[in-house]
Structure formats: structure tokens, C-alpha cells
Amino acid sequence: MSVHGSEIEDKSITARLDPLTPLPSFQPRSIIRAWSLQIKQRKTAGLAHDVVSFDWDYGASRLHRATANLQRAIMGNDPLDAISTQSWVWFQKYLENKITPLLRDKLIVPVVTDVSLDVIGDDTSGKTAIFTLITEVAKCLVNDGEVTLPGIVDHLTEVKLEDSRSEKTQLLLIEGRRELATHLVFHVIGWITAIWEPLLFEVLDSNLAESRLCIAGASCQRRRPGILYHPVVRNPSLSLQGLAHQPLRQTAGRFGKLFPVPELCLEDNTLGTRDIESACITTAYLSYHSLANIVDVKIAWTSTLGQHLEYDQRHKKLFVFKNPSICLLLYRKTSKSILSEVFKPTQQSQSMSKLSGGLEQVEYEDYLAEVLLSYRLVFAHDQRSGKLIGREIDALGPDCDPLLRTLCTEPNTSDKIKEIYNRLDAESCENYVFIAEFPFLAKRFIRLQKASMGRNPHSIRRLWYDRRNPPAWFALWAVLIITGATLLLQFLQLVFQIYTPF
Numbered sequence: 001m002s003v004h005g006s007e008i009e010d011k012s013i014t015a016r017l018d019p020l021t022p023l024p025s026f027q028p029r030s031i032i033r034a035w036s037l038q039i040k041q042r043k044t045a046g047l048a049h050d051v052v053s054f055d056w057d058y059g060a061s062r063l064h065r066a067t068a069n070l071q072r073a074i075m076g077n078d079p080l081d082a083i084s085t086q087s088w089v090w091f092q093k094y095l096e097n098k099i100t101p102l103l104r105d106k107l108i109v110p111v112v113t114d115v116s117l118d119v120i121g122d123d124t125s126g127k128t129a130i131f132t133l134i135t136e137v138a139k140c141l142v143n144d145g146e147v148t149l150p151g152i153v154d155h156l157t158e159v160k161l162e163d164s165r166s167e168k169t170q171l172l173l174i175e176g177r178r179e180l181a182t183h184l185v186f187h188v189i190g191w192i193t194a195i196w197e198p199l200l201f202e203v204l205d206s207n208l209a210e211s212r213l214c215i216a217g218a219s220c221q222r223r224r225p226g227i228l229y230h231p232v233v234r235n236p237s238l239s240l241q242g243l244a245h246q247p248l249r250q251t252a253g254r255f256g257k258l259f260p261v262p263e264l265c266l267e268d269n270t271l272g273t274r275d276i277e278s279a280c281i282t283t284a285y286l287s288y289h290s291l292a293n294i295v296d297v298k299i300a301w302t303s304t305l306g307q308h309l310e311y312d313q314r315h316k317k318l319f320v321f322k323n324p325s326i327c328l329l330l331y332r333k334t335s336k337s338i339l340s341e342v343f344k345p346t347q348q349s350q351s352m353s354k355l356s357g358g359l360e361q362v363e364y365e366d367y368l369a370e371v372l373l374s375y376r377l378v379f380a381h382d383q384r385s386g387k388l389i390g391r392e393i394d395a396l397g398p399d400c401d402p403l404l405r406t407l408c409t410e411p412n413t414s415d416k417i418k419e420i421y422n423r424l425d426a427e428s429c430e431n432y433v434f435i436a437e438f439p440f441l442a443k444r445f446i447r448l449q450k451a452s453m454g455r456n457p458h459s460i461r462r463l464w465y466d467r468r469n470p471p472a473w474f475a476l477w478a479v480l481i482i483t484g485a486t487l488l489l490q491f492l493q494l495v496f497q498i499y500t501p502f
């Protein structure tokens with residue numbers, strides 16, 4: 001094959017590739033030798049001006065292969081549909097938005113090979129290296145339930161990349177940067193799992209060994225007795241040394257209740273005299289329209305999955321996870337997902353004798369499905385809630401997760417919603433929902449329902465908005481209208497009796 005013919009063929013491949021397009025079937029073989037031969041021939045022929053174009057084509061090929069590997073590591077081999085494709089496109093932009101600040105703060109450049117400050121621009125080698133690192137971290141989470149931060153770093157030190165400038169391979173991580181690599185792995189885990197929202201680390205006395213891992217979330221403040229509130233994030237900053245060799249689930253536990261566990265148990269008094277299997281929640285009391293207009297609840301967006309639907313009664317704040325696409329991408333039907341193995345020891349460590357028999361076999365995928373369905377339960381059960389939350393979503397800006405708007409505002413008749421229900425093997429929510437269907441979030445639903453039931457409207461405006469009990473609402477306004485009409489007719493009758501027309 002001639003050089004010119006090879007160029008046309010290779011460029012035809014590259015031209016069809018979009019960096020933001022899922023490519024599960026695109027698996028280019030190693031073509032570095034052929035590329036080097038072509039470049040040498042061009043240099044010999046005096047066509048050095050085409051070498052840059054050839055280098056870019058090769059870099060694009062490596063980047064697309066790394067992107068395809070990352071997609072499989074995150075999503076597994078489940079077939080793509082329109083919703084998951086949209087979420088994957090958003091997720092790549094989300095990763096770029098997370099990577100950019102770390103480039104400016106020089107956390108990635110000193111650690112990862114081939115990365116420059118222009119990685120979000122035209123630096124395909126840098127993107128390839130970062131995507132490879134994220135892929136390897138995801139694989140560690142999938143395969144090892146006792147994985148630790150140092151263990152992941154040990155694995156990354158053995159990963160090799162094809163050198164974009166030669167036919168040799170090179171190590172993914174730069175040697176001698178182990179502490180920085182640990183911080184970078186901590187950030188990556190937060191990006192792809194959302195179990196915490198990592199912040200830039202703190203360094204004490206310029207000593208990386210004494211640095212601290214930081215996550216978003218206010219520290220737990222002491223409250224007077226009688227106000228029960230246990231925030232998910234209790235310790236937003238912890239020493240790296242203290243967490244060095246602890247399994248990931250214990251690391252998350254040191255920060256707070258970040259890892260999901262089914263909370264309802266037989267000895268729980270949350271349900272009163274009702275048993276778990278028969279207890280229900282009324283969706284009208286969970287409606288965001290009712291919570292906002294009757295209880296004065298305000299939305300607090302969070303990037304920490306464990307904070308989803310956490311209710312701060314003192315400040316009347318309802319935390320809502322703003323990146324549901326991560327849950328959709330992690331949810332797998334046919335194979336274990338990221339954190340599935342990490343979740344198993346956590347589940348086994350709970351006192352299973354306290355859990356009801358129907359809740360013992362829950363999986364991490366069940367938690368992801370609960371989170372996705374909870375948006376429909378709170379925000380999309382009635383049209384007024386959808387309009388109200390739609391204005392809140394608009395304030396998030398152009399980088400907002402598109403799935404968030406779909407879940408919160410689309411009607412049940414929407415094809416997108418039907419596709420999501422089909423993917424999750426779920427059905428649309430009715431007026432009453434058994435809490436056994438939400439073992440992870442049931443307590444949070446019950447707290448919201450109690451907060452809603454404990455508040456009565458104290459103005460005409462709130463009385464009009466209070467449609468938590470539709471029969472009572474219609475009966476009340478029917479009585480008011482009939483009473484008002486009766487009084488008006490009696491008044492008119494009295495007027496006509498006094499002023500009799502001649």
C-alpha cells in the first residue's frame with residue numbers, strides 16, 4: 001500500500017470518530033509501528049509538513065481507544081440506548097470540568113505521564129493518559145472489594161502506555177510522586193462513583209506525607225438535646241496517614257455515612273406499629289410542590305450521592321444529588337458494577353438479624369435504581385412540582401446533567417421515561433408506595449412525609465396550595481364556595497326586601 005493510500009485510509013477512520021461519542025465496538029489494534037514507518041517515509045521524501053497531521057491522527061486513534069476502554073470500565077457491556085448515550089456524552093464533559101482545576105493546581109501534571117496544561121485542548125496524549133488512569137482505577141473498584149488507596153496506586157505504577165513519540169512503552173505514573181498519586185486516585189474515585197465530592201488537599205508545613213484528604217460538606221456542629229440530625233458528612237477533612245491502608249468502605253465511613261446501607265430494621269421505631277412489608281408512603285406528602293409551599297423546604301444541590309434526599313429540619317434544606325447520569329451509567333443488568341464488590345463486605349458487616357427477610361438480598365445496583373426512581377417520586381408525580389423544580393434546574397447553568405431535567409420534569413408518558421423504567425425494570429409511582437421497595441431511602445422518605453404531615457397551612461394562599469389530601473381539599477373548598485354563595489344570596493334577598501322595586 002502506498003503512503004498516500006494509507007493516509008487516506010487512516011484519515012477516513014479518524015474523520016468518523018467524535019471524542020464524545022460512545023464507541024464500544026471501536027477497538028483499534030496497535031498501529032504504532034506502521035505509523036512510525038509512514039512518518040519516516042514522509043521525512044525521507046521531504047514531506048515533513050505532513051508529519052504533524054499524521055501524529056494527530058495517531059493520537060486521536062489512541063484517545064478513542066482509551067475512551068472506549070473507559071466506557072466499558074464504567075458501564076460494562078450493557079447495550080447502549082438513547083438515554084445512556086446522552087448521559088455518557090455529558091459524563092465526558094463532566095470529567096473534563098473536573099480535570100481542568102487540577103491542571104491549574106498542578107496535581108495531575110507532576111503525576112501522570114504525557115500530560116500538559118493543554119490537555120483539555122489539543123493534547124490527545126494527555127487525554128489518553130488521564131482516561132487510561134481513570135479506567136484502571138475503575139477496574140480496581142470492580143474487581144477488589146477490599147481495595148485501598150495505596151493498593152490502587154501500586155497497581156497504577158505497573159500500568160504502561162504506548163509512547164506517542166517512539167515504538168516503546170512508558171509507565172503511566174511518574175516515579176517519586178506517590179503521595180500526589182494517592183490524592184489523584186482519591187479525586188478520581190469521587191468523580192466516577194460520587195461517594196464523595198473531593199476538594200483540593202491541604203498540606204501541613206509543606207509535607208505531603210502529612211497532607212489531608214478533603215471532601216465537600218460542613219462539619220457536624222453540636223446541637224442542643226432534642227434536635228435529632230445526623231448529617232451524612234461528619235468529618236470533611238482527614239489525615240492521609242490515618243486512611244492510608246484502610247479499605248475503601250472504611251475510608252468512606254471515616255468521613256461519614258457516605259456508603260449506602262439499608263436502614264430499616266425490625267427494631268426500628270420509625271414506622272410505629274406498622275411492619276415493614278405493609279407500610280406505605282403517600283406520594284402527595286412527598287411532592288416537592290407541597291414541601292416547598294407548605295413546609296418551606298429549599299433545595300440544596302449536592303455532588304455527594306450519599307446526601308441525596310437528606311433533610312436538614314433546622315434549616316429546612318433538602319439535599320438533592322445533581323448528577324443522576326452517574327447512577328445510570330454505573331447501573332448494570334448483566335454484570336457487577338463499580339462498588340458492587342466493595343458493597344458486599346459493608347452489607348455483611350451489618351447486623352443481618354435486625355433486617356427483615358425481604359431486605360437481606362439488596363445489591364448496590366438496587367441503591368442506584370432507588371436514587372433514579374426517587375426523582376420521579378418527589379419531583380415528577382405532579383405537574384406543579386415539575387415546573388417548580390424546573391426553575392431550580394435552570395439556575396444550575398449549561399453544564400447541568402440533562403438526565404436531571406428528564407427525571408424531574410418529563411411526564412410518565414414520555415418515551416425517555418419509559419426507556420428509563422424499562423432499563424431499571426421498574427414501574428411508575430402510584431399514589432401509595434410500599435417502603436419495602438426503597439430499603440435504602442425509606443427512612444428519608446418517612447422523615448419528609450412526617451415533616452409534611454406535621455405542618456398545616458396558615459394562610460389562604462397556602463390553603464389553596466395544600467393539595468396533599470385531594471378529597472379533603474375539594475370538600476373544604478366546596479363548603480367554602482357553597483357557604484359563600486349562600487351568604488351572597490341571602491344578602492341579595494335582604495337587599496331586595498328592603499328596597500322593593502315599584
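So the sequence shown is numbered by the UniProt record's numbering: it starts at 1 and just counts up by one.
Heads up, the beta-carbon is just placed ideally off N, CA and C, and yes, glycines get one too.
Leaving aside the five residues that flank residue 393 on each side, the residues in its chain whose CB is nearer than 8 Å to its CB run, in chain order, 400, 404, 405, 408 and 409. With a threshold of 16 other beta carbon atoms within 10 Å, residue 73 meets it and is buried.
In this structure, the CA atom of residue 151 is about 18 Å from the CA atom of residue 191.
In the three-state reduction of the DSSP assignment, residue 162 falls in the strand class.
For residue 320, the enclosing beta strand (DSSP E) begins and ends at 317–321.
In the pairwise beta carbon analysis, the region 92–108 is classified as not touching the region 434–449: fewer than three pairs are separated by under 8 Å. Pairing residue 398 with residue 416, the inter-Cα distance amounts to about 20 Å. Note on residue 309: 16 or more other CB atoms within 10 angstroms of its CB, so buried under the neighbour-count rule. In terms of Cβ geometry, residue 300 and residue 317 form a close pair [threshold 8 Å].
By alpha-carbon distance to residue 110, the top candidate from 334, 483, 179 and 242 is 179. For the pair of segments examined, the region 138–150 was found to touch the region 232–252: the number of CB pairs separated by less than 8 Å reaches three.
A contact is defined here as three or more CB-CB pairs under 8 Å, and the region 373–382 fails this definition with respect to the region 334–346. Between residue 112 and residue 172, the alpha-carbon positions lie close to 6 Å from each other.
Closest by C-alpha distance to residue 138, out of 337, 263, 59 and 99, is 337. DSSP, reduced to helix, strand and coil, places residue 313 outside both helices and strands of the structure shown, so it counts as coil. Going by DSSP, residue 325 is part of the alpha helix (DSSP H) stretching over 324–330.
Beta-bridge partners assigned by DSSP to residue 198: 215. Where residue 429 is concerned, there is no enclosing beta strand (DSSP E), because DSSP gives it neither an H nor an E. Out of 84, 88, 155 and 66, the CA that lies nearest to the CA of residue 127 is found in 66. For the 8 Å CB-CB criterion, residue 320 and residue 302 form a contact. The residue from 185, 215 and 497 with its alpha-carbon nearest to that of residue 136 is 185.
C-alpha of residue 326 to C-alpha of residue 481: approximately 50 Å in a straight line. Leaving aside the five residues that flank residue 286 on each side, the residues in its chain whose CB is nearer than 8 Å to its CB run, in chain order, 377, 378, 381, 445, 448, 449 and 452. With contacts defined as CB atoms closer than 8 Å, residue 133 and residue 156 qualify as a contacting pair.
If you look at residue 85, you'll find it in the alpha helix (DSSP H) that goes 82–104. Excluding five sequence positions before and after residue 98, the CB atoms of its chain that fall closer than 7 Å to its own CB belong to 191, given in chain order.
Of 86, 240 and 233, the smallest CA-CA separation from residue 213 is found for 240. Just measuring C-alpha positions, the residue of 215, 198 and 243 sitting nearest residue 234 is 215.
Collapsing the DSSP output to three states places residue 246 in coil. Residues of the same chain with a CB within less than 7 Å of the CB of residue 78, apart from the 5 flanking positions on each side, are 332, 333 and 334 in chain order. Here residue 411 is not near residue 86, since their CB atoms are 8 Å or more apart. Taking residue 260 as the centre and dropping the five residues before and after it, the same chain places the C-beta of 367 and 440 closer than 6 Å to its C-beta, in chain order. The bridge partners DSSP lists for residue 238 are 213.
If you draw a straight line from the Cα of residue 160 to the Cα of residue 70, it comes to about 16 Å.
In this chain, the beta strand (DSSP E) harbouring residue 298 covers 298–302.
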